[in-house]
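Each residue of the sequence shown is one higher than the one before, starting from 117 at the first, in the working numbering.
For each residue, glycine too, the CB sits at the ideal point set by N, CA and C.
Just so it is clear, the structure is predicted and the values come from calculations on it, not from any experiment.
Notes to accompany the following structure.
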Amino acid sequence: MHWKMEGAPERKYTQPDAGLHVSDGSVVSGYASLFGKRDQGGDTVQKGAYAASLKAMKVAGRQVKMLWQHDPTQPIGVWDEVREDATGLYVKGRILTEVEKGREAAALLTAGAIDGLSIGYRTVKAERDGKGHRLLSELELWEVSLVTFPMLPEARVSAKGDLPDADFWRELAAVFEDASQSLAKR
């Protein structure tokens, strides 16, 4: 069974496991999503789930946003590299320490107070297995956040050392408005 879901981006949170290693305090990298691993919400992302979204963003000249705790009003850096590989969705970017929240995030990463990565996305295609879990085969990736509690425990940052454009915020606002109207009709 396939279906298409519309609405606000989904987010993933859970209790973190291992810590984070930071050296320069501004360059971060890691896997924001791992293929074939069931998260604590019961979802499993399949290989290739991000391909169409990443291609569409590249064609449109847009980037995946780096946010603080999924808050669209708190961009804290730039993802310079976002790609799928055999393992999952790999990201590498720079925390902008010129931004107040970026300085705070860098300090928290360095201290080991946070170490999670989490994705904000919209499900485009998914199916349910016989146990009620979702197999996510196509996702529209919106953002990757540095978070305290990622939904996938293995989604960790390893650190080594342009603010969002107006179109992104308009699109995000439209998604939230559509979701709000849908909920109001129920």
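Using a Cβ distance threshold of 8 angstroms, Thr-264 and Ile-230 count as a contacting pair.
By the C-beta criterion, the stretch 219 to 229 is judged not to be in contact with the stretch 247 to 261, since fewer than 3 inter-stretch pairs fall below 8 angstroms. Restricting attention to Trp-184, Asp-245 and Pro-188, the CA atom closest to the CA of Glu-220 is found in Trp-184. The Cβ atoms of Arg-244 and Asp-159 do not sit closer than 8 angstroms to each other. Ala-176 sits exposed, since fewer than 16 C-beta atoms from the chains shown fall within 10 Å of its C-beta. Under the 10 Å beta carbon count, Asp-155 is surrounded by 16 or more other beta carbons and is classified as buried. Between Val-260 and Ala-148, the CB-CB gap stays under 8 angstroms.
When only Cα atoms are considered, Gly-193 and Val-273 end up about 14 angstroms apart. In this structure, the straight-line span from the alpha carbon of Thr-213 to that of Pro-191 is close to 11 angstroms. Each of Lys-217, Leu-170 and Lys-153 was checked against the Cα of Asp-187, and the nearest Cα belongs to Lys-217.
Secondary structure at Val-215: coil, using DSSP grouped into helix, strand and coil. Bounds of any alpha helix (DSSP H) do not take in Ala-148; it lies within the beta strand (DSSP E) bounded by 143 to 150. The alpha-carbon of Asp-196 is positioned some 5 angstroms away from that of Gly-209.
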